[in-house]
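Participant:
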Amino acid sequence: MTKKTDNERPVTKIMEEVSEGINDAEPVFSAQSEIIEESTGKQAVRYVLWGLISVVVNFGTFYLLYHAIHMNYQIANLIAWFLGVQVGFWVDRVIVFRHKSKTAFAEMLAFYGTRVLTYLIETVTLWIGISLLSANGTASKVVGQILAIIGNYVLSKFFIFKNRNH
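Residue numbers (full-length UniProt numbering): 1 to 166.
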């Protein structure tokens, strides 16, 4: 068996460089200097208040694509989900959970992984509401978002941004 060089592992090298670049940006946020232990209630309030940003991005994108452009509701929801999750990751990491670690890229992958679960819940909710019940698309989206927000908080709090003692 031969030893692989960096030239034989370009994807791994790129992922490591991107991860290092993301982690190098952390000192920009001065509030990140220490892990702050605080109550779940305070985090939940921040999650709801600051989480509105990702909800607005998600809902606004869905509304524009579905109602204004008349895109298929599932495609509009997928695009809206992707943009909302990206915004949500940084808001949750920096502001809500005030999480500081050297693993931002790994956390982002885990964040997307858990968000796939809540995306599926929202997708099923939209399908039931729009396709089966012929309900209003916006109302179906609201119900799906409420279910996703609850699931996202639990998954973020206890799995993604859990402060671990090393």
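Glycine included, C-beta positions come from ideal geometry on N, C-alpha and C.
Just so it is clear, the structure is predicted and the values come from calculations on it, not from any experiment.
Measure the C-alpha to C-alpha separation of ILE130 and GLY41 and round it to an integer number of angstroms.
Facilitator: For this step, residue 130 is matched to residue 130 along the sequence shown. For this step, residue 41 is matched to residue 41 along the sequence shown. Distance between the alpha carbons of ILE130 and GLY41 is about 35 angstroms.
Participant: Just the C-alpha distance for VAL85 and ALA68, rounded to the nearest angstrom, thanks.
Facilitator: As a first step, residue 85 is located in the sequence shown; it is residue number 85 there, counting from the start. As a first step, residue 68 is located in the sequence shown; it is residue number 68 there, counting from the start. About 22 angstroms.
Participant: Skipping 5 residues on each side, what residues in its chain have a beta carbon closer than 6 angstroms to that of GLY60?
Facilitator: By one-based count along the sequence shown, residue 60 stands at place 60. Cβ within range, chain order: n/a, list empty.
Participant: Taking the alpha carbon of ASN58 as the reference point, which residue from ILE95, TYR119, TYR153, THR103 has its own alpha carbon closest?
Facilitator: For this step, residue 58 is matched to residue 58 along the sequence shown. For ASN58, the nearest C-alpha among the options comes from TYR119.
Participant: Just to confirm the assignment, what range does the alpha helix (DSSP H) spanning LYS42 have?
Facilitator: Along the sequence shown, read from residue 1 onward, the residue named residue 42 stands at position 42. Note, LYS42: alpha helix (DSSP H), 40-63.
Participant: Tell me the rounded alpha-carbon separation between TRP127 and SER134.
Facilitator: Mapped onto the sequence shown, residue 127 falls at position 127. Mapped onto the sequence shown, residue 134 falls at position 134. Computed Cα separation, rounded: 9 angstroms.
Participant: If you reduce the DSSP assignment to three classes, tell me which class ILE69 lands in.
Facilitator: By one-based count along the sequence shown, residue 69 stands at place 69. In the structure shown, ILE69 sits in coil (DSSP, three-state: anything other than H, G, I, E or B).
Participant: Once you ignore the five residues that flank PHE111 on each side, which residues in its own chain have a CB closer than 6 angstroms to its CB?
Facilitator: Walking along the sequence shown from the start, residue 111 turns up at place 111. So the qualifying residues of the chain are PHE89, ILE160.
Participant: With C-beta atoms as the reference, is THR125 less than 9 angstroms away from LEU155?
Facilitator: Within the sequence shown, numbered from 1, the residue matching residue 125 stands at position 125. Within the sequence shown, numbered from 1, the residue matching residue 155 stands at position 155. Taking 9 angstroms as the Cβ cut-off, THR125 and LEU155 do not qualify as a contacting pair.
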